[in-house]
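Asks:
Below you can see the structure in the form of structure tokens.
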């Protein structure tokens, strides 16, 4: 059986149905990890323009910051790459307590 | 991400068709790469498509350097399947737990009162003879099969199909004594000792499970353990050392 980030929660399905309801929607995706990181590459978080979210890109450590960027991405339409990790300036703020590093790509849907 | 791209990925997942979404990080330009086709802005770049095909085979997502810059390859491969034979009380606990764990669950039972859809929301329920339904489903090496009916008329034919397939996990509910009787019947039916030995019986990890929910947890844990041993042998060896 393939090891993969399976969609226990259907994040893309949620993105599509939120979009169909007329909401602004962004997807955040883990694109790279180093060291111990709680969620594998490919894990996704879907966010709407009001900051509602489903899924995860960490164990809850960085979702707050990712949601803020996602709401911005919905507004300006620009994709962005976010870096989180202990060596970041953000470490004290929203860094990963586990000591890992993770890169998250955030983009608007549609 | 374009809405059409999202819809195409969803369509592929619904049809259990593997697809890789290749995305250039600099600008979000995309391609969808299947085993036999590639569409989208990046589809003209042979090295991107070749790397995407490799990700399609391995099922692993990754960010890579290409001739057109950094590209994220997001592999969407069909989730492993669980075929549950017997729409019984334990199945009612096992099915939602397995779905939550990311398995694509199918329930088979020819008895209408058991196979009622309302007992198993959001999963496929097939009201048919287990062997006929299983022949159609063709268990592969990403499929787990569990028989729960306690009835040899239903369990045995399902096990025969499972044991002659590449199924990654085969489990069958029943005590040690029941399992010995099952062995005699299946060997009589032409199953070899080696094939029979693939059955996990008594089914599930031995955690002292008693209630239907506890038994479901022990079965699901055994399926997860089997899958992990297949897909990450090196990693697990290191951890065990």
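Chains as they are written, first to last, in this note's numbering: chain A, 848 to 957; chain B, 7 to 247.
All C-beta atoms in this analysis are idealised placements derived from N, C-alpha and C, irrespective of residue type, glycine included.
Only a predicted model underlies this, so the values are computations on that prediction, with no experimental measurement involved.
(1) Using 7 Å as the threshold, is the C-beta distance between residue 877 of chain A and residue 886 of chain A below it?
(2) Need the endpoints of the beta strand (DSSP E) that residue 89 of chain B sits in, please.
(3) Classify residue 7 of chain B as helix, strand or coil using the three-state DSSP reduction.
(4) If distances are taken between C-alpha atoms only, which option among B/27, B/95 and B/46 comes closest to residue 79 of chain B?
(5) Could you list which residues in chain B have their beta carbon closer than 7 Å to that of residue 954 of chain A, in chain order?
(6) Shortest alpha-carbon distance to residue 889 of chain A belongs to which of B/77, B/147, B/206 and B/67?
(7) Report back the beta-carbon spacing between residue 116 of chain B and residue 133 of chain B to the nearest angstrom; my notes put them in contact at under 8 Å.
(8) Please list the partners that residue 12 of chain B has in chain A, where partner means a Cβ-to-Cβ separation under 7 Å.
(9) Can you find a C-beta in chain B that's less than 7 Å from the C-beta of residue 885 of chain A?
(10) State the DSSP-derived secondary structure class of residue 51 of chain B, mapped to helix, strand or coil.
(11) Assuming residue 86 of chain B and residue 109 of chain B make a contact with CB atoms under 8 Å, what is their CB distance in whole Å?
(12) Short of 8 Å Cβ to Cβ, which residues in the region 13–26 of chain B face chain A?
(13) List, from N- to C-terminal side, the alpha helix (DSSP H) runs of 4 residues or more that fit wholly inside the region 144–193 of chain B.
(14) Might you give, ordered along the chain, the residues of its own chain that have their beta carbon closer than 6 Å to the beta carbon of residue 276 of chain B, omitting 5 neighbours on each side?
(15) Given a limit of 7 Å on CB to CB distance, which residues of the region 107–135 of chain B reach chain A?
(16) State the Cα-Cα distance for the pair residue 202 of chain B and residue 51 of chain B, rounded to the nearest angstrom.
(17) Under 7 Å between C-beta atoms, does residue 198 of chain B make it to chain A?
Replies: Inspection of the coordinates gives the following:
(1) For the purposes of this step, residue 877 of chain A is taken as residue 30 along the first chain, with counting starting at 1. For the purposes of this step, residue 886 of chain A is taken as residue 39 along the first chain, with counting starting at 1. Cβ distance < 7 Å, so residue 877 of chain A and residue 886 of chain A count as in contact.
(2) Looking up residue 89 of chain B in the second chain gives position 83. Residue 89 of chain B -> beta strand (DSSP E) spans 87–91.
(3) To locate residue 7 of chain B, count along the second chain from 1; it is residue 1. Assigned with DSSP and collapsed to three states, residue 7 of chain B falls in coil, not helix or strand.
(4) Here residue 79 of chain B refers to the residue found at position 73 of the second chain. The shortest Cα separation from residue 79 of chain B among B/27, B/95 and B/46 belongs to B/27.
(5) What you label residue 954 of chain A is simply residue 107 of the first chain in a count that begins at 1. Within 7 Å Cβ-Cβ: 7 and 34.
(6) If you number the first chain from 1, residue 889 of chain A lands on position 42. Ranking B/77, B/147, B/206 and B/67 by Cα distance to residue 889 of chain A puts B/67 first.
(7) Within the second chain, numbered from 1, the residue matching residue 116 of chain B stands at position 110. Within the second chain, numbered from 1, the residue matching residue 133 of chain B stands at position 127. The C-beta distance from residue 116 of chain B to residue 133 of chain B rounds to 6 Å, short enough to fall under 8 Å.
(8) Residue 12 of chain B sits at position 6 when you count from the first residue of the second chain. Ordered by position in chain A, the residues that pass the 7 Å Cβ test against residue 12 of chain B are 859, 862, 863 and 956.
(9) Reading the first chain from its first residue, position 38 is the one you call residue 885 of chain A. For residue 885 of chain A, the answer is no, since every Cβ of chain B falls outside 7 Å of its Cβ.
(10) Along the second chain, one-based indexing puts residue 51 of chain B at 45. The answer is coil: DSSP assigns residue 51 of chain B none of H, G, I, E or B.
(11) If you number the second chain from 1, residue 86 of chain B lands on position 80. If you number the second chain from 1, residue 109 of chain B lands on position 103. Correct: roughly 6 Å between the Cβ atoms.
(12) Going along the region 13–26 of chain B in chain order, one finds 13, 15, 16 and 19 with a Cβ nearer than 8 Å to chain A.
(13) 158–169
(14) As displayed, chain B neither begins before 7 nor continues past 247, which places residue 276 of chain B out of reach and without an answer.
(15) 107 and 108
(16) As a first step, residue 202 of chain B is located in the second chain; it is residue number 196 there, counting from the start. As a first step, residue 51 of chain B is located in the second chain; it is residue number 45 there, counting from the start. Using only the alpha carbons, I get a separation of about 49 Å.
(17) Here residue 198 of chain B is taken as the residue at index 192 of the second chain, counted from 1. By this cut-off, residue 198 of chain B is not an interface position.
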